[in-house]
Structure formats: structure tokens, C-alpha cells
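Remarks on the structure that follows.
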Amino acid sequence: MNQHVPVADADALAKRNSVVLACAQALGGASPSIVISLGGIVGSQLVTDQTFATVPVSLMQLGIAVGVIPAAMLMRRHGRRNGYLIGALIGATAASVAAAGASTRLFWLFCLGTFACGLYGAFVQSYRFAAADAATESFRPRAISWVMIGGIAAGVIGPQSVYWTRDLTPAAPFAASFLAQAALALIAMLVILQLRAPPVAQVKASGGRPLPEIMRQPKFIASVTAALVTYGLMSFVMTAAPLAMVGCGHSVGDAALGIQWHVLAMFGPSFFTGRLIARFGKAQVTIAGLLLTALAAVIGLTGLSVAHFWIALVVLGVGWNFGFIGATALVTDCYRPEERVKVQAANDFLVFGSVAIASFSSGGLLHAGGWASVNWLVFPPVAVAMALVLWQARAPGRPPSERDDRHGPAEEKARRRAGSIVRSWAARSAPVVIQAVASWRMRASSWSRTRAGPGRPETQSCSVSVNRPPAAAQASQSNSHSCSTTTGLVGGQRASRPVILKRAVSSRFHDTGSSRTPSSV
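The opening residue of the sequence shown carries number 2 in our numbering; numbering runs sequentially from there.
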């Protein structure tokens, strides 16, 4: 093959591949959002112990972590197009297995299907790298951006598929949604057939330093910790959010739309995140993402309305974008070109492994402590990650042999000055966020004491069931949720302020202070 390809011809091929991969991303990227929207809800219907309700979502994340390295090896041997075709076939099969598990009410079969959906997601994760392979240096950022547009479309296609198919199989709730997911994967195979990817370059695997030596670098520790915290907390809160919304009496459609806006917020800022990193620096953008993650938890603590959930999920998505992309950019400073493959694989395995653990633990914490406990747990990891990134950003520069000399002295001075301003702002903002949360808690407690009527308890439980009629819900132990709000009676009117979500499994619905009938979604 002629190695001296004209730039115009190379860019034409890159544009074609970018459009194809953007369409494949829109179809394949819808799979995780469908599993995230429904995995916890279907899981809660199939198990008695609600601690395991989010296991299907956790297994999907585990499937991504487990599948990253085998997917890379498969594509290195057989090429990207063949690898992506195999991945899409796995995705269609996985969604069909999940639909069968939901129809037959077999929890283990449903979990097997969601795990295999994660294997499909491991292939989808590399679409942006395939777009960059055939692109010239000047077009490469645009090629990646075009694929990210597909991620935005996926954030709409997935939840909308749930919205329009959830009631098509009344005997097996949501089975039709997973069949729609299988159909999307089959359509993705037809799209991938149009891909004209160049041969994958062979990378020398034995070059560079040993992996343990690279992972002991303070900058690598800080960078990976920031990536783990950003992605893990995003998964932790996002997995619990649909269950919490349904538990508070909101509809499954509201929960699906919340995930839709969340996914849009995750991918939407990607068009300008690179420019922010170039202007302010990698560490500063990473810190901004961590602060936004903490802000999402603050919003989640201030109320239980649909608006509170949606706004918190949107802010959480933007925080993920800034934090994860910034942390990933920081990791690139920790290895040499010949060490790239093994370090990136180790980073992805650690990140998606933490995501699986986070999504699994969120169900247990939501069941035991409620929605407020999920949000309160966000702050300690964010504080640790911010401390590490700030410490590493203030550390002396790298040795001259490892220093990035792409920028001139004047530009480097401007970047350092901007970085100093942003770091100073972040260091001052963190205590303010913590103080604001503490102040809100004090005001909420004071408000509840002053507004509660004499002889009235301060908390009221409202229980709802997931996809069960009230009569059946009252006899069920497995699908009850309790949404606790601070209430008082003033002039015969009930005044309430949401404080905490409690999910309780009990033999009967209870309501202290007033009579209230559970409503089915």
C-alpha cells in the first residue's frame, strides 16, 4: 500500500470513518443508557433482598472492565472492523438474553445478559480511537469530536427506546425495551460494514519501564485517583438515581428522561473541554470536574422533586466530563510512547473496575441509608482526589527530559499563571461548598422544628411500589420504597420539605402522621 497518501485523500477517508463511527456510537452507545435506566428497576422486581437490586448494572460495568483488554487484543489481530462486528453481535445476543431474563423472571439470566452488554460496551469505548487512526494530525481532534456527537445521540436514543417500548409487553415489564436494544445492535452491524479502517499498527509490548514502576509515580497515583473518583462517583450516583426517583413516586419515564439528560451532559461539553484544558491546564479542569461532582451531591440533598433529580444528574454529567477527560489527559504525562498500550490498559481496567464496585455498592447504601446517604458519601472521595491533584499541581516540574516543550516560554508562563488562579479559586471554593452543605442541614433541621405542628412527628413516610398495583404492593416485601420528607400542618394544609429518601422493606406500608395510600408507577 502506498504510504505517501495525499492529505486530502487521507482526510476524506477519516471523514467517512468518523461519520460511520458516529452513527455506530449513537446505536451502540444507547446500550449502556438502557441498562442503567432499567437495570436497577428490573433487578428490584426479580430479587427479594433489595441490596442486590443494582447488581445487573454493576455487572455491566464489570463487563466493560473485563472486556477492554480482550477487545483490544481481538482488534489488534483481526482489525477494527471485524472486531466491531463481533462486538455488535455480542451486544445483540446480550440484550436478547437480558430480555429473556426479564420475561422469565430469572435474576441470574438477566444478570448474565447485562454482563454481556458490558462486553459490547468495551468495543464501543474504542470508537473514538478508531476515528483518530485514519486522520491526519490536523483533522484528528475534529474526528474525535464527530464521534462524540454520536454519544450525544445515544443519550437520546437509549432513554427514548425505554419510553416508547416499556409498556409493549405487560406480562413481562421492560422486556420489549431490551429487545429494542438488540435491534439497535443489529443495525449497528450494518453501519460498521461501511467502515474502512486502516490496519492496526503493531505496538512493541516489551518496551519501556515495568508497569509497577510507572504506577508508583506520584503523578500517576494522583491522576488515576482523580479518574477513579470522577467516574466511580458518577456511576455510584447515576445507578441509584432511577431507583430513588421511582421510590419517591416519580414515574419510570421521568427516571429515563433524567438519565437521558445526564448522558447528554456527559458528552455535550466534549466539544470545548479540550480548549479549556489548553487554556487553563489539565489539573485545573480536573479540579473543576470534581467540584461540579460535589455540587451535584449538594443539589441532590436539597430536594426530592423531579427537577432536583434532573438538575443533579445534569451537573453530575458535566462534572464527569471535565474530571474524567482532565484526569485522562494527566495520565498521558506519566508514560513514554512505547509504554502507552500497557499503561492505558491498566488505567482503563482500574477505572472500570472501580465503576463496577461503585454501582454495586450504591444499591446497598440506597437500601440501607437512603438517597441522602448516597449523596453524602460523595464528599470524602472528592476531597481526597482534589487534595492529591492540587498537591501534584503545586509540585516542582518534571525533569527536563520528560518536560513538555510544545509551548514557548511566554505561553507556558501564561498557563502557569492561569493555573495558579484556578487552583487558588478551587482551594477556596471547597470549604465554601462544605460549609454550605452544613448550613443547609442546620436550616433544614431548624425549619422542621418550627413548622411541625404540636403532636405531629417531623417525618412522614410515603411508600410506592415499582410496577405493582396498590393491592399487590401492600402484600409485597420486595419492591417497596420509602421516601421521607419533613412535614408539618399549618392551617389544615400540609407543608413539606424533602430531606432524605429512605427505602425500607417491610411487610406493610406505613405512614406516620397522616393517612396516605401508596401509588403504583
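The beta carbon of each residue, even a glycine, is placed where N, CA and C say it ideally should be.
| Check | Outcome |
| --- | --- |
| According to DSSP, is Asp255 part of a helix, a strand, or is it coil? | helix |
| Indicate whether Leu75 and Gly119 have their beta-carbon atoms separated by less than 8 angstroms. | no |
| From this set, Trp311, Leu194, Tyr232, which residue's C-alpha is nearest His251's C-alpha? | Trp311 |
| Roughly how many angstroms separate the alpha carbons of Phe1 and Ala136, rounded to a whole number? | Limits of the chain in this structure are 2 at one end and 522 at the other, which puts residue 1 out of reach. |
| Hey, Asp349 and Lys220 are a contact pair by Cβ (cut 8 angstroms); roughly how many whole angstroms apart? | Not confirmed; about 18 angstroms, so no contact. |
| Can you give me the C-alpha to C-alpha distance between Leu185 and Ser45, rounded to a whole angstrom? | 25 angstroms |
| Under 8 angstroms, with one C-beta from each stretch per pair, do the region 229-246 and the region 101-120 reach the 3-pair mark? | no |
| Suppose the cutoff is 6 angstroms on Cβ atoms and the five residues either side in sequence are ignored; what does the same chain contact list for Ala72 look like? | Ala123, Phe124 |
| With a threshold of 6 angstroms on Cβ separation, who are the neighbours of Ala289 within its own chain once the five nearest residues in sequence on each side are excluded? | Phe323 |
| Does Val48 come out as helix, strand or coil in the three-state DSSP assignment? | coil |
| My output table needs one value for Asp512: the three-state DSSP class, helix, strand or coil. | Confidence at Asp512 is low in this model, with a pLDDT of 40, below 50, so the placement of that residue should be treated as unreliable; the coordinate-derived value is given next. Of the three classes helix, strand and coil, the one that applies to Asp512 here is coil, per DSSP. |
| Would you grab the beta carbon distance between Ala228 and Thr166 for me? Rounded to a whole angstrom, and I think it's under 8 angstroms. | That belief does not hold up - the Cβ atoms of Ala228 and Thr166 are roughly 34 angstroms apart, past 8 angstroms. |
| Relative to the C-alpha of Cys112, which residue among Met267, Ala95, Leu180, Arg395 is closest? | Ala95 |
| What does the alpha-carbon distance come out to for the pair Gly159 and Asp12? | 31 angstroms |
| The alpha helix (DSSP H) spanning Thr105 covers which residue range? | 81-105 |
| Are there 16 or more other CB atoms within 10 angstroms of the CB of Trp372, so buried, or fewer, so exposed? | buried |
| Closest to Tyr128 by CA distance: which of Ile193, Ala298, Gln285, Gly102 is it? | Ile193 |
| Only counting the same chain, and skipping five residues up and downstream in sequence, which positions put a Cβ closer than 6 angstroms to that of Gly365? | Thr52 |
| Rounding to the nearest angstrom, what Cα-Cα distance links Ile358 and Pro382 in this structure? | 14 angstroms |
| Identify whether Ala173 lies in helix, strand or coil by the three-state DSSP scheme. | coil |
| Which of the three DSSP states, helix, strand or coil, is assigned to Leu317? | helix |
| Let me know if Pro171 comes out buried or exposed under the rule of 16 or more other beta-carbons within 10 Å of its beta-carbon. | exposed |
| Please list, in chain order, all residues of the same chain as Phe140 whose beta carbon is under 6 angstroms from its beta carbon, the five residues on each side excluded. | Asp12, Ala15 |
| Compare the C-alpha of Arg276 against each of Gly318, Ile326, Pro243 and name the closest. | Ile326 |
| Starting from the Cα of Trp262, find the closest Cα among Ala176, Gly152, Gln182, Ile222 and give me that residue. | Gly152 |
| What is the DSSP secondary structure of Val58, counted as helix, strand or coil? | helix |
| Can you name, in chain order, every residue of its own chain whose Cβ lies under 7 angstroms from the Cβ of Ala27, other than the five neighbours on each side? | Gly151, Ala154, Ala155, Ile158 |
| Going by C-alpha to C-alpha distance, which of Gln393, Phe272, Ile278 sits closest to Val148? | Phe272 |
| With H, G and I counted as helix, E and B as strand and the rest as coil, what does DSSP make of Arg78? | helix |
| Using the C-alpha atoms, what's the distance from Gly248 back to Met239? | 15 angstroms |
| So which of His368, Leu265, Leu291, Val356 has the shortest CA-CA distance to Val315? | Leu265 |
| Only counting the same chain, and skipping five residues up and downstream in sequence, which positions put a Cβ closer than 6 angstroms to that of Phe108? | Leu47, Val48 |
| List the endpoints of the continuous alpha helix (DSSP H) containing Gly248. | 219-248 |
| Give me the Cβ distance between Thr55 and Gly40, rounded to the nearest whole Å; I'm assuming they're in contact under 8 angstroms. | 7 angstroms |
| Just to confirm, is the Cβ distance from Gly29 to Gly92 under 8 angstroms? | yes |
| At which residues does the alpha helix (DSSP H) containing Phe380 begin and terminate? | 380-395 |
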